[in-house]
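Only one structure is covered here, and it is reproduced in the block below.
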Amino acid sequence: LPVVFPILIYNGDKKWTAPVSLQELIEVPPVLKQCEPYIPYFKYYPIIENAIDKEALHSMMNVISTVFLLETGDTEEFFKTVDRIRELLHIYDNEPLLLRTLLYWLVQYLQSHGMVEETSIILSTIDKPQEAGTMLSRTLEKIKKDLRKEGFNQGVQVGKIKGRKEGVKEGIQKGLKQGITTEKQKIALAMLQKGIDKRTIMEVTKLTKTQLEQLEKK
Numbered sequence: 014l015p016v017v018f019p020i021l022i023y024n025g026d027k028k029w030t031a032p033v034s035l036q037e038l039i040e041v042p043p044v045l046k047q048c049e050p051y052i053p054y055f056k057y058y059p060i061i062e063n064a065i066d067k068e069a070l071h072s073m074m075n076v077i078s079t080v081f082l083l084e085t086g087d088t089e090e091f092f093k094t095v096d097r098i099r100e101l102l103h104i105y106d107n108e109p110l111l112l113r114t115l116l117y118w119l120v121q122y123l124q125s126h127g128m129v130e131e132t133s134i135i136l137s138t139i140d141k142p143q144e145a146g147t148m149l150s151r152t153l154e155k156i157k158k159d160l161r162k163e164g165f166n167q168g169v170q171v172g173k174i175k176g177r178k179e180g181v182k183e184g185i186q187k188g189l190k191q192g193i194t195t196e197k198q199k200i201a202l203a204m205l206q207k208g209i210d211k212r213t214i215m216e217v218t219k220l221t222k223t224q225l226e227q228l229e230k231k
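Positions 14 to 231 (the numbering used here) are the ones given, in order, by the sequence shown.
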């Protein structure tokens with residue numbers, strides 16, 4: 014029989030917590046302990062993308078590390094990886110099989126993430142890696158520009174919304190402050206009319222002497 018090396022590649026965001034061996038999933042009761050040697054031993058090799066050090070991936074200039082960077086990165090990482098892919102297209106210029114694999118995966122990735130709609134033209138040239146690479150390189154450059162433009166527009170929009178929110182917040186604060194001051198003045202006026210001394214009024218309402226004098230003149 015041929016040698017089988019089972020590998021699991023996980024590209025999710027959450028931590029991978031599943032057992033790596035079949036034996037961990039089988040609970041053997043004490044009365045069947047003698048059967049343990051006959052339980053099939055199966056273990057897979059886990060490659061957890063979100064647990065791999067980014068610096069280590071950046072130091073490896075190959076297809077696999079580039080795929081991992083693209084799958085686990087943010088928008089800014091995507092920009093860097095696009096430049097990296099363009100370098101790989103030149104590096105693997107004389108290795109059509111590797112180049113086709115990279116190009117095919119990249120096309121599928123872009124389509125599944127809604128970055129490109131029509132991929133048939135690129136896929137039709139996949140057997141001519143250089144031609145497909147040139148076409149894909151242009152597509153990636155366009156995506157970069159579109160994403161940067163979208164990010165800028167979103168930043169402007171967020172700024173406007175934040176500005177409006179700050180304006181509303183400031184208006185509410187001013188309104189509350191004005192309302193409190195008006196209420197204090199009403200109380201102070203009522204106390205003056207009842208002949209209560211000014212020192213007591215200032216202590217109760219927290220109005221200044223000047224504010225109280227201005228109130229008397231009204």
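Where is the CB? At the ideal position from N, CA and C, for every residue including glycine.
Being a predicted model, the structure only gives us computed values, none of them experimental.
For residue i and residue j, I'd like the C-alpha separation in whole angstroms.
{"i": "Tyr-122", "j": "Leu-83", "result": "9 Å"}
{"i": "Tyr-58", "j": "Ile-20", "result": "5 Å"}
{"i": "Val-169", "j": "Gln-124", "result": "Interpretation of Val-169 is limited by its pLDDT of 43, a score under 50 that renders its predicted location unreliable; the figure taken from the coordinates is listed afterwards. Distance between the alpha carbons of Val-169 and Gln-124 is about 28 Å."}
{"i": "Ser-78", "j": "Phe-91", "result": "13 Å"}
{"i": "Ser-34", "j": "Ser-72", "result": "31 Å"}
{"i": "Thr-46", "j": "Ile-39", "result": "Sequence check: residue 46 is Lys here, not Thr. Using only the alpha carbons, I get a separation of about 12 Å."}
{"i": "Pro-109", "j": "Val-95", "result": "19 Å"}
{"i": "Arg-97", "j": "Val-44", "result": "58 Å"}
{"i": "Thr-30", "j": "Ala-64", "result": "12 Å"}
{"i": "Ile-60", "j": "Gly-86", "result": "16 Å"}
{"i": "Met-74", "j": "Leu-119", "result": "16 Å"}
{"i": "Arg-212", "j": "Lys-230", "result": "17 Å"}
{"i": "Gln-224", "j": "Asp-210", "result": "15 Å"}
{"i": "Glu-68", "j": "Pro-15", "result": "36 Å"}
{"i": "Lys-93", "j": "Leu-115", "result": "16 Å"}
Based on DSSP bridge pairs, tell me the residues matched to residue i.
{"i": "Ser-34", "result": "Lys-56"}
{"i": "Leu-21", "result": "Pro-59"}
Got a sec? Which residues, its chain only, sit under 7 Å from residue i by beta carbon, not counting five neighbours each side?
{"i": "Gln-36", "result": "Ile-52 and Tyr-54"}
{"i": "Glu-49", "result": "Val-41"}
Name the two residues that bound the continuous alpha helix (DSSP H) containing residue i.
{"i": "Thr-221", "result": "It is not in any alpha helix (DSSP H) - Thr-221 carries neither H nor E in the DSSP assignment."}
{"i": "Ala-69", "result": "67 to 72"}
{"i": "Val-45", "result": "The displayed chain sequence assigns Leu, not Val, to residue 45. Careful: Leu-45 lies outside any alpha helix (DSSP H) and carries neither H nor E."}
{"i": "Ile-77", "result": "76 to 85"}
For residue i versus residue j, is the C-beta distance shorter than 8 Å?
{"i": "Glu-62", "j": "Tyr-23", "result": "yes"}
{"i": "Leu-76", "j": "Leu-101", "result": "Here residue 76 turns out to be Val, not Leu, going by the sequence shown. Their beta carbons are under 8 Å apart, which means Val-76 touches Leu-101 by this criterion."}
8 Å is my cut-off, CB to CB: does residue i come that close to chain D?
{"i": "Thr-221", "result": "Considering every chain present, this structure includes no chain D. It has just one protein chain."}
What does a CB cutoff of less than 6 Å around residue i pick up in its chain, not counting 5 residues either side in sequence?
{"i": "Ile-104", "result": "none"}
{"i": "Ile-200", "result": "Thr-218"}
{"i": "Ile-214", "result": "Ala-201 and Met-204"}
With a threshold of 8 Å on Cβ separation, who are the neighbours of residue i within its own chain once the five nearest residues in sequence on each side are excluded?
{"i": "Leu-228", "result": "Gln-198, Ala-201, Leu-202, Leu-205 and Leu-220"}
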